Amino acid sequence: MFDDLKRLRGAVENRRIESLFAEDAERAAAFSASCGGMLFDYSKTQIDAEIRAALVSLCDAAGVAARREAMISGERVNETEGRAVLHTALRDRDGEDLFVGGEDVRAGVRSTLSRMRKFSGEVRSSGQYDDVVNIGIGGSDLGPAMAVLALAPFHDGPRCHFVSNVDGAHIQDTLKGLDPKRTLFIVASKTFTTIETMTNARTARDWVVAGGGDPGTQFAALSTAAEDVADFGIAAERMFSFEDWVGGRYSMWGPIGLSLMIAIGAENFDQFLAGGKAMDDHFRSAPWEQNLPVMLALTGIWHHQICGHPTRAVLPYDQRLSRLPAYLQQLEMESNGKSVAMDGQALNCTSGPVVWGEAGTNGQHAFYQLIHQGTGVVPCEFLVAARGHEPALVHHHQLLVANCLAQSEALMRGRPIEVARARMAAKGLEGAELERQARHRVFPGNRPSTTLIYPQLTPFVFGQIIALYEHRVFVEGVILGINSYDQWGVELGKELATSLGPVVEGKESTAGKDGSTAALVAFIHAQGG
Ligand code: F6P
């Protein structure tokens with residue numbers, strides 16, 4: 004499938020990206036795509052017109068358009084679980100009729116949203132709560148936690164906190180200083196069986212009771228599991244349900260986004276949904292070459308599957324997007340980190356890459372050394388807003404933007420040995436010492452990066468960005484032949500953790516465990532653990 008592209012890669016491997024700009028004055032415009040005021044620039048890569056044409060042909064060969072419509076129209080594209088995949092419906096209340104298993108999807112979405120609106124309005128205006136604590140993990144945590152931070156300038160509701168880790172330190176440190184009578188807990192779990200979330204929820208309930216609060220009015224649930232929610236003691240009117248056609252890591256657009264709605268208000272939440280919907284419309288209508296999710300996906304495939312770069316760095320020059328890399332780790336690696344194709348056969352290509360990153364400029368003072376001078380190439384994906392939210396601190400934003408642009412320029416241009424030598428000579432060095440010092444100051448350059456630039460991080464733009472990445476993962480999955488919507492790879496660890504629980508507690512022996520695990524348990528017990 005990738006033979007042509009691998010041949011093209013061989014032909015351009017040593018070509019300087021800079022030379023493409025010298026040859027084509029219009030390259031920046033020709034190798035970028037835009038959607039609703041947002042620009043994705045992939046011109047600082049080796050992709051040229053021929054490579055792009057070959058990449059784009061993958062979409063037709065893999066049937067991306069048909070698969071996209073199948074997903075959006077509610078077909079059961081999550082074939083290993085027999086489920087529809089309809090997170091797009093969560094941001095499209097008014098679309099044409101959509102039924103899954105006889106249920107009216109649009110009516111359900113509208114009714115849940117209006118209940119969320121009412122509940123969040125009451126939480127925001129009642130004066131009953133100072134703090135809201137969302138208890139969830141993975142998709143029931145990463146999305147809303149990232150979003151609440153991203154949209155801090157719009158935050159005018161009670162303080163929001165997020166507890167995910169089963170490590171008691173997380174809940175303990177979060178609850179420190181909170182009032183057990185004036186804190187609302189939102190237990191967010193699609194299954195309502197996740198051990199970390201249920202353990203934290205029970206601890207929170209004990210804390211409320213011990214502090215004289217009322218769990219009956221201080222808990223709400225976001226879940227698909229009505230019976231388990233009732234068993235926990237949360238009343239039906241305080242439960243916001245969703246269907247199995249919403250994957251955990253795609254769920255922040257519905258009830259899992261309740262903490263975000265409480266933080267920023269329903270109107271801003273609507274804007275967030277509208278941004279997601281705008282990206283959906285773009286994804287469905289823009290030609291492949293001008294389609295942001297498609298070009299983001301194809302750039303990723305070029306760098307990982309074709310060029311063989313094993314990881315991808317996501318580098319938001321936007322402090323409020325500092326949780327985006329963690330969110331994308333789940334979105335991309337849980338979706339496309341698979342070695343079996345949809346048809347049950349071994350994948351005939353490399354699965355999705357390792358995704359990692361950190362907000363700029365912080366990362367510059369930590370790991371950029373390796374990005375610039377390490378032996379491997381790390382394709383970098385920069386994100387930056389044209390405008391910040393701090394009018395009194397415009398010079399901060401200008402510095403931030405300058406740093407972002409400087410990094411992609413430095414990665415592409417590098418610094419040749421002649422320039423490094425001239426610098427050392429100017430410092431008065433000569434001979435072998437000049438040469439030795441100069442070599443340390445060489446930057447190979449020719450390292451690819453893309454930049455996503457948006458006007459300002461508003462709820463609408465944030466919605467666009469998240470939907471963009473969701474669809475990118477979808478396109479990559481279809482081209483690789485992966486089901487992006489299951490996650491069987493997390494099951495084995497969960498099963499073993501359940502069986503190891505009594506062993507760690509000392510109620511069962513380590514018989515049958517491997518030597519390493521048995522020795523680690525023995526060490527823990529010897530330490531009084
Ligand atoms: O363990 C992985 C996972 O199933 C994720 O896919 C999911 O987002 C997370 O756990 C939390 O699941 P739940 O919302 O059911 O508690």
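The sequence shown begins at 4 in our numbering and counts up by one.
Backbone N, C-alpha and C define an ideal beta-carbon position, used for all residues, glycine too.
Just so you know, these numbers come straight off a predicted model, no measurement behind them.
Three-state class that DSSP yields for residue i in the structure shown
| i | result |
| --- | --- |
| cysteine 38 | strand |
| histidine 164 | strand |
| glycine 360 | strand |
| isoleucine 138 | strand |
| alanine 514 | coil |
| serine 226 | strand |
| proline 462 | helix |
| valine 387 | strand |
| alanine 289 | coil |
| arginine 315 | strand |
| arginine 418 | strand |
| serine 46 | coil |
| valine 343 | strand |
| alanine 349 | strand |
| aspartate 6 | helix |
| serine 354 | coil |
| serine 325 | coil |
| tyrosine 320 | strand |
| serine 244 | strand |
| aspartate 159 | coil |
Interface flag, residue i vs chain C, CB-CB below 8 Å
| i | result |
| --- | --- |
| alanine 233 | The structure shown contains no chain C; it is built from a single protein chain. |
Where residue i falls, given that 16 or more other Cβ within 10 Å makes a residue buried
| i | result |
| --- | --- |
| alanine 514 | exposed |
| alanine 52 | exposed |
| serine 288 | exposed |
| serine 167 | buried |
| glutamine 372 | exposed |
| aspartate 133 | exposed |
| tryptophan 491 | exposed |
| histidine 368 | exposed |
| valine 397 | exposed |
| phenylalanine 102 | exposed |
| phenylalanine 463 | buried |
| proline 356 | buried |
| glutamine 274 | buried |
| leucine 327 | buried |
| serine 338 | buried |
| isoleucine 198 | exposed |
| arginine 205 | exposed |
| threonine 186 | buried |
| glycine 180 | exposed |
| phenylalanine 272 | buried |
| glutamate 384 | buried |
| valine 212 | exposed |
Alpha-carbon spacing of residue i relative to residue j, whole angstroms
| i | j | result |
| --- | --- | --- |
| leucine 2 | phenylalanine 195 | For the chain, the structure presents residues 4 to 532; residue 2 sits outside this window and is missing. |
| glycine 146 | alanine 92 | 17 Å |
| arginine 109 | valine 67 | 25 Å |
| aspartate 170 | valine 136 | 16 Å |
| alanine 329 | methionine 41 | 22 Å |
| glutamate 438 | phenylalanine 446 | 15 Å |
| leucine 386 | threonine 454 | 6 Å |
| glutamine 221 | serine 117 | 20 Å |
| leucine 225 | leucine 503 | 29 Å |
| glutamate 473 | methionine 282 | 10 Å |
| leucine 263 | arginine 120 | 11 Å |
| glutamate 16 | glutamine 49 | 8 Å |
| arginine 418 | alanine 316 | 22 Å |
| glycine 139 | methionine 242 | 15 Å |
| valine 524 | glycine 340 | 30 Å |
Residue i vs residue j beta-carbon contact at 8 Å
| i | j | result |
| --- | --- | --- |
| glutamate 393 | valine 358 | no |
| isoleucine 237 | alanine 228 | no |
| alanine 87 | arginine 79 | yes |
| alanine 413 | histidine 375 | yes |
| alanine 1 | isoleucine 420 | The shown model of the chain, from 4 to 532, leaves out residue 1, and the question about it has no answer. |
| histidine 306 | proline 451 | yes |
| glutamate 511 | proline 505 | yes |
| alanine 344 | glycine 484 | yes |
| isoleucine 265 | proline 156 | no |
| isoleucine 267 | histidine 158 | yes |
| lysine 9 | serine 411 | no |
| tyrosine 253 | histidine 90 | yes |
| glycine 466 | glycine 216 | no |
| arginine 416 | glutamate 84 | no |
| cysteine 310 | glycine 363 | no |
Which full runs of the alpha helix (DSSP H) of 4+ residues lie inside the stretch 171-224, going along the chain? Runs of the alpha helix (DSSP H) inside the stretch 171-224: 171-178, 198-213, 218-221.
Could you tell me which uninterrupted alpha helix (DSSP H) segments, each at least 4 residues in length, are contained entirely in the stretch 436-515, listed from first to last along the chain? 462-483, 494-508
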